[in-house]
Amino acid sequence: MKRIFIIGLLFLYAFTLYSQSNIRYYFKTLDIQDGLSQNTVNAILQDKQGFMWFGTKDGLNRFDGLSFRIFKKENSALGNNFITALHEDKEGNIWVGTDAGVYVYNPLLEDFTVFDRVSDTGDMISRAVTRIESDEDSDIWISVDYQGLFHFDRVQDRLINCLHRDKRKNQLTNVTRFWFEEKLCWVSLYDDNLYYTKDNFKTLLPFQDSEGKEPFKDDIINTWIMGPHNCWYIGSSNGLTEINLTTGRVRRLLNYYVRDLGFKSDKELWVGTESGLYIYDLEKGEIAHLTVSNGNDSYALADNAIYSICRDNEGGMWIGSYFGGVNYYPRQWTYFEKIYPRDDIKNFGRRVREFCESNDGTVWIGTEDKGLFHFYPESGKIEKFSHPSIYQNVHGLCLDGDDLWVGTFSGGLSRIDLLTKQVRHYQKGISPNSLDANNVFSICKTTSGDLWIGTTSGLLRYNRDTDDFTRMPKLANMFVYKILEDFNGNLWLATYSNGVFRYDVNKKEWKNFIFHKNDSTSLPYDKVISICEDSRKRLWFMTQGAGFCRFNPENESFTRFDMSKGFPSNIIYRMVEDNRGNLWLTTNNGLVCFNPETDDKRVYTTANGLLSNQFNYQSGYKDKMGRIYLGSINGFITFDPSTFVENTFVPPVVITDFFLFNKRMQIGSKDSPLKESIVFSDEVELESDQNSFSLHAAALGYQAPEMNQLVYKMEGFDKEWYNVGRNSVINYSNLPYGTYIFHLRGSNSDGKWNEKERILKIHILPPFYLSGWAYFRGVL
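Position 412 (the sequence shown) corresponds to 412 in full-length UniProt numbering; numbering is contiguous.
See the structure below:
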């Protein structure tokens with residue numbers, strides 16, 4: 001370990017490394033409103049089964065993705081509710097450090113025992129535990145405030161206090177952090193220094209540089225982690241320090257109080273401080289700083305005081321805070337960028353309706369509550385187009401050379417000269433060449449240069465020479481919701497109560513397609529709200545309550561798609577085709593990616609990162625780069641479907657609880673059939689009057705747990721597989737006596753199934769009067 005002594009103290013303050021990353025981090029928050037026992041999360045652990053554990057000031061929480069199970073001294077043998085540290089040993093036992101001792105949780109028995117060994121110095125661990133770790137021999141090491149550093153030799157069942165008293169200060173030792181590196185043990189003492197020992201704690205040697213300086217003198221080291229490229233990262237009251245053991249370089253990266261560290265990947269270090277979360281990109285040398293929102297941003301960190309960090313087996317990051325509970329950042333298999341009113345764009349509207357791309361790649365956005373905006377995709381910047389005469393309720397946008405046409409609700413039609421920013425207004429008047437209504441819902445520019453306007457009272461064509469409009473008598477008093485020109489140059493109109501109209505430009509004829517009750521090949525509903533033509537020149541029509549349909553030109557019929565075919569809603573707001581030919585449908589209950597060739601579909605909800613499950617009418621667009629924009633009632637999302645990858649993590653499938661008579665069965669308690677935790681049980685024997693019971697199940701994947709799927713079947717009773725409901729509870733009532741085999745299967749949020757079933761054998765005993773003993777007595 002000579003390399004330790006040649007490290008020079010070259011502090012390179014890295015504040016110049018800060019940058020504003022274009023990546024936005026969207027967190028999910030779990031707090032007391034979601035079932036967490038208390039909002040201060042001091043410790044986080046994922047156990048071997050896949051459960052997440054959160055240690056708070058008021059109890060220990062086990063989380064399965066949807067629900068919490070809380071352990072306290074009031075309902076278990078856990079003797080203290082103030083949890084300070086968590087550690088799982090090689091047998092799967094969880095060591096729980098509290099502010100007054102240590103308890104060991106046995107997952108097989110779901111019970112706690114107090115760790116009451118007496119050390120060689122005659123004391124038990126009775127003060128606040130700061131850290132629990134295992135060494136390479138699986139022995140347990142425990143650091144305790146003003147009691148020392150304890151080593152539990154499991155083979156000899158002996159507890160040794162390695163650092164009982166600081167002889168220099170004549171006081172009990174306060175160890176804040178320790179770790180093992182090769183044959184050395186490193187120990188940090190509170191407000192003192194960083195030391196190492198190579199003679200089993202007979203002597204402590206301070207960490208020094210080549211000049212004999214001690215960089216951590218009078219510091220409080222809270223956390224340490226080994227990083228790539230043979231680097232240490234140490235978090236302390238003075239900040240974050242990087243020590244490159246190969247080159248000898250020491251760098252101070254941050255000057256803020258650091259509580260915990262965690263690597264999301266070899267390239268990304270997450271730093272929990274009292275001033276928010278810092279994300280350090282090791283390759284680029286950039287640091288992003290995430291803090292609590294000043295407004296009402298539900299995707300931001302819930303608190304700036306970060307106390308614990310844990311990476312789960314999927315690659316998601318759990319962030320424990322002092323006041324804000326737990327923040328979770330899932331691995332980004334599908335990344336939806338969210339644009340909504342927040343600190344940096346407070347004046348942006350929530351009700352996003354229209355998108356229109358400029359020649360330079362920027363996007364005009366029309367909202368129904370805040371007017372018109374200009375969006376710059378590269379930077380994510382949004383600017384409001386402010387003009388006193390522009391109405392705030394935008395319902396239509398169309399680019400026409402250097403002009404932008406803006407249709408509004410109740411405000412008529414506006415034409416903006418994008419070069420001069422001058423605005424010309426058109427409204428309903430007494431002239432037959434004026435607008436027929438001030439509610440403009442659709443604007444369409446054809447390949448020939450004609451401009452068509454759809455209003456709540458009909459269809460109009462704009463006359464460029466006279467700067468006025470010609471009304472179409474065929475559509476008089478009809479609510480025109482959408483206008484589309486197909487590849488043949490025909491006009492298609494979606495109306496809100498009168499079906500679909502087609503104008504054949506060659507024949508100069510109109511044709512109306514409507515719903516016929518007894519014809520399943522007719523239009524499914526007369527309230528049509530959107531039209532899409534895909535790359536294969538197929539026309540699709542979206543309706544207000546009957547799903548969507550495809551037009552079949554060979555016989556002018558329609559093929560219907562709705563909830564009966566697995567779609568989440570019959571209200572379809574918009575359809576956008578991506579570059580791979582998939583159709584993205586916005587609905588009243590999520591977003592659907594539909595492959596029209598295979599009929600495969602994938603549903604996305606807020607669990608996958610949407611702003612809202614309810615989208616907005618007509619709101620969807622694909623830009624020149626293939627990026628899709630979809631508006632909702634809470635803002636809009638934008639994403640590149642080509643970057644989406646399948647979630648390959650297969651979650652473990654577990655039975656979490658067993659209930660009789662609506663009461664969770666405790667192991668060994670009266671009337672409980674459980675001899676061990678139901679999580680591990682292979683078989684359960686029930687009395688004849690225990691034939692009504694409930695099983696709670698979970699698929700332990702946290703990327704989008706609401707989208708995980710569970711199916712079950714009771715062999716010997718069920719004839720088919722059934723889906724587990726949203727509450728993950730499976731109920732059986734009055735099962736006849738006999739032996740059953742319960743099968744449980746689960747998938748992740750992308751529908752990738754775990755091939756390994758969870759199987760539980762359930763034996764229900766016959767009533768006494770049908771038992772062999774009763775029969776024997778009857779014979780006698």
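The beta carbon of each residue, even a glycine, is placed where N, CA and C say it ideally should be.
- Remark: C-beta atoms of Asn42 and Gly55 approach each other more closely than 7 Å.
- Contact between Ala128 and Asp99 holds: CB atoms are separated by about 4 Å, below the 8 Å threshold.
- For Thr98, the enclosing beta strand (DSSP E) stretches over residues Ile94 to Thr98.
- As the crow flies, the alpha-carbon of Pro568 is around 8 Å from that of Thr587.
- Around the beta carbon of Arg353, 16 or more other beta carbons lie within 10 angstroms, which makes this residue buried.
- Boundaries of the beta strand (DSSP E) harbouring Ile453: Leu451 to Thr455, taken from the DSSP string.
- In the DSSP assignment, Gln618 falls within the unbroken beta strand (DSSP E) covering Phe615 to Lys622.
- Leaving aside the five residues that flank Phe63 on each side, the residues in its chain whose CB is nearer than 6 Å to its CB run, in chain order, Met52.
- For Lys72, there is no enclosing beta strand (DSSP E), as DSSP marks it with neither H nor E.
- With contact defined as three or more Cβ pairs closer than 8 Å, the stretch 316–332 and the stretch 22–29 are in contact.
- The stretch 453–462 and the stretch 474–483 touch, with three or more beta-carbon pairs separated by less than 8 Å.
- Fully contained in the stretch 117–186 are the following beta strand (DSSP E) runs of length 3 or more, in chain order: 129–134, 140–144, 148–153, 158–161 and 175–181.
- For the pair Tyr340 and Lys756, the Cα-to-Cα distance works out to about 41 Å.
- Ile83 is bridged by DSSP to Thr98.
- Contact annotation: Ser677 and Glu110 have beta-carbon atoms nearer than 7 Å.
- A residue is called buried once 16 or more other Cβ atoms fall within 10 Å of its Cβ, and Ile160 is buried on that count.
- Per DSSP, Tyr629 is one residue of the beta strand (DSSP E) stretching across Ile628 to Ser632.
- Inclusion of Asn433 and Asp468 in the CB contact set at 7 Å is warranted, their separation being smaller than that value.
- The Cβ atoms of Asn238 and Lys217 lie no closer than 7 Å to each other.
- The beta carbon of Arg536 is closer than 8 Å to those of Gly581 in its chain, skipping five residues each way along the sequence.
- The alpha-carbon separation between Ile70 and Leu660 amounts to approximately 19 Å.
- Tyr190 and Thr176 have their C-alpha atoms some 6 Å from each other.
- The continuous stretches of beta strand (DSSP E) do not include Asn359, and DSSP gives it neither H nor E.
- Its Cα nearest to that of Met625, the residue Ser358 stands out among Ser358, Cys185 and Asp281.
- DSSP lists no bridge partner for Gln38.
- Judged by their CB atoms, Val528 and Val500 are nearer to each other than the 7 Å cut-off.
- Taken through DSSP and simplified to helix, strand or coil, Ala607 comes out as helix.
- Of the residues assessed, His164 falls on the buried side of the cut-off, its CB having 16 or more other CB atoms within 10 angstroms.
- Distance between Glu314 and Gln703, taken at the CA atoms: about 8 Å.
- Within a 10 Å sphere around the beta-carbon of Glu283 sit fewer than 16 other beta-carbons, which makes this residue exposed.
- Put simply, the stretch 692–709 touches the stretch 648–665. At least three CB pairs are less than 8 Å apart.
- In the structure shown, Thr643 adopts helical secondary structure according to DSSP, grouped into three states.
- Counting along the chain, the unbroken beta strand (DSSP E) around Arg259 starts and ends at Val258 to Ser265.
- Between Phe68 and Gly35 a beta carbon distance of about 4 Å is seen, short of the 8 Å cut, so the two are scored as contacting.
- Taking 8 Å as the upper bound for CB-CB distance, Ser143 and Phe178 are in contact here, some 6 Å apart.
- Exposure of Asp360 is indicated by the presence of fewer than 16 other C-beta atoms within 10 angstroms of its C-beta.
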